[in-house]
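In UniProt numbering, the protein residues as written are 1 to 266. Ideal placement from N, C-alpha and C gives every residue a C-beta, glycine not left out. For clarity, every value in this text was computed on a predicted model and none was experimentally measured. Please read the structure below before turning to the comments.
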DNA sequence: ATGCCCTAGCACCTAGGA
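What follows is the structure, encoded as structure tokens:
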């Protein structure tokens with residue numbers, strides 16, 4: 001089973017690029033971020049016509065996540081549990097950044113699609129929100145680990161895990177994507193026992209999943225690796241390969257992110 | 001030191017992105 005995560009940066013601007021990619025790459029499951037659309041505005045029927053089951057968690061204008069799957073999707077949940085409560089109910093839930101579903105094939109696999117807050121400028125309230133969100137993700141990750149089932153958390157983490165994951169790490173020193181607290185929060189989740197799929201298959205620098213639109217970043221290969229797959233041990237047992245489809249960044253009207261893939265023996 | 005560029009929206013500027 002081939003599963004890709006892809007921050008498409010707006011479904012309205014990217015529908016042609018998305019359908020071209022689906023036709024060409026034929027993922028069994030596509031985990032999408034930044035659909036920038038409400039659920040009712042998402043082109044569900046056109047994707048269903050391509051053979052995909054479609055589940056979305058959108059909002060107007062920004063954010064928004066979705067899962068497309070050729071196999072049935074069950075037990076869909078929307079939103080990351082644990083939003084700020086105590087009279088401030090739902091404060092952290094106004095942003096549509098998280099969706100889960102179980103893909104039912106030979107093996108049932110729990111798929112968690114996430115769009116982690118950017119957090120800039122840091123420090124500040126947006127950075128505080130990012131770190132709180134990562135705390136909540138840690139709690140959900142603990143539950144997934146305790147379930148001892150094949151599960152993966154995939155998406156745009158907005159985290160550069162290590163210096164070799166940026167072409168110019170010095171440019172990111174004080175950025176919310178690379179600050180020590182951000183990287184530590186990511187490691188805290190990984191260290192529960194998750195496999196970071198890409199790094200279990202590939203070492204070294206020069207592997208990126210995002211290139212800014214500005215200043216010719218793609219042409220200079222000035223990228224960062226911020227889109228990740230974390231696998232529970234039961235899911236890591238199924239891992240055949242993980243790779244980044246960087247060529248997509250060179251297509252017509254591309255997203256600033258590219259698809260990251262896992263191939264699972266399932 | 002700043003902006004470069006792109007998307008969406010009660011749209012011809014602004015907010016947000018990373």
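Any non-hydrogen atom of the ligand ATP within 7 Å of residue i CB
i: residue 202; result: No copy of the ligand ATP appears in this structure; indeed no ligand is present at all.
Nearest-angstrom Cβ-Cβ length linking residue i and residue j, presumed shorter than 8 Å
i: residue 201; j: residue 151; result: Not confirmed; about 19 Å, so no contact.
i: residue 129; j: residue 33; result: Rounded, the Cβ-Cβ distance is 17 Å, inconsistent with contact.
i: residue 96; j: residue 54; result: No, residue 96 and residue 54 are not in contact; Cβ-Cβ is about 15 Å, not under 8 Å.
i: residue 264; j: residue 3; result: 7 Å
i: residue 161; j: residue 193; result: That pair is no contact at about 16 Å.
i: residue 217; j: residue 176; result: Actually they do not touch by this definition, with Cβ atoms about 18 Å apart.
i: residue 258; j: residue 246; result: 5 Å
i: residue 144; j: residue 185; result: Not a contact, Cβ separation roughly 17 Å.
Opening and closing residue of the alpha helix (DSSP H) in which residue i lies
i: residue 200; result: 197-201
i: residue 205; result: Counting along the chain, residue 205 falls outside any alpha helix (DSSP H), and DSSP gives it neither H nor E.
i: residue 190; result: 180-190
i: residue 128; result: 125-147
i: residue 120; result: Counting along the chain, residue 120 falls outside any alpha helix (DSSP H), and DSSP gives it neither H nor E.
i: residue 19; result: 11-25
i: residue 269; result: The chain is shown from 1 up to 266; residue 269 falls before or after that span and cannot be answered.
One or two residues paired with residue i in a DSSP bridge
i: residue 257; result: 210
i: residue 153; result: 112, 230
i: residue 267; result: In the structure displayed, the chain extends from 1 to 266; residue 267 sits before or after that span and is not available.
i: residue 98; result: 114
i: residue 166; result: 224
i: residue 263; result: 2, 241
Residue burial classification, residue i (beta-carbon count within 10 angstroms, cutoff 16)
i: residue 214; result: exposed
i: residue 100; result: buried
i: residue 165; result: buried
i: residue 158; result: buried
i: residue 36; result: buried
i: residue 255; result: buried
i: residue 146; result: exposed
i: residue 221; result: exposed
Range of the contiguous beta strand (DSSP E) that encloses residue i
i: residue 2; result: 2-7
i: residue 240; result: 239-244
i: residue 73; result: 73-78
i: residue 53; result: 53-57
When the options are compared against residue i, the one with the closest alpha-carbon
i: residue 46; options: 77, 29, 68, 234; result: 68
i: residue 20; options: 253, 264, 162; result: 253
i: residue 58; options: 52, 78, 50; result: 78
i: residue 188; options: 40, 163, 139, 240; result: 139
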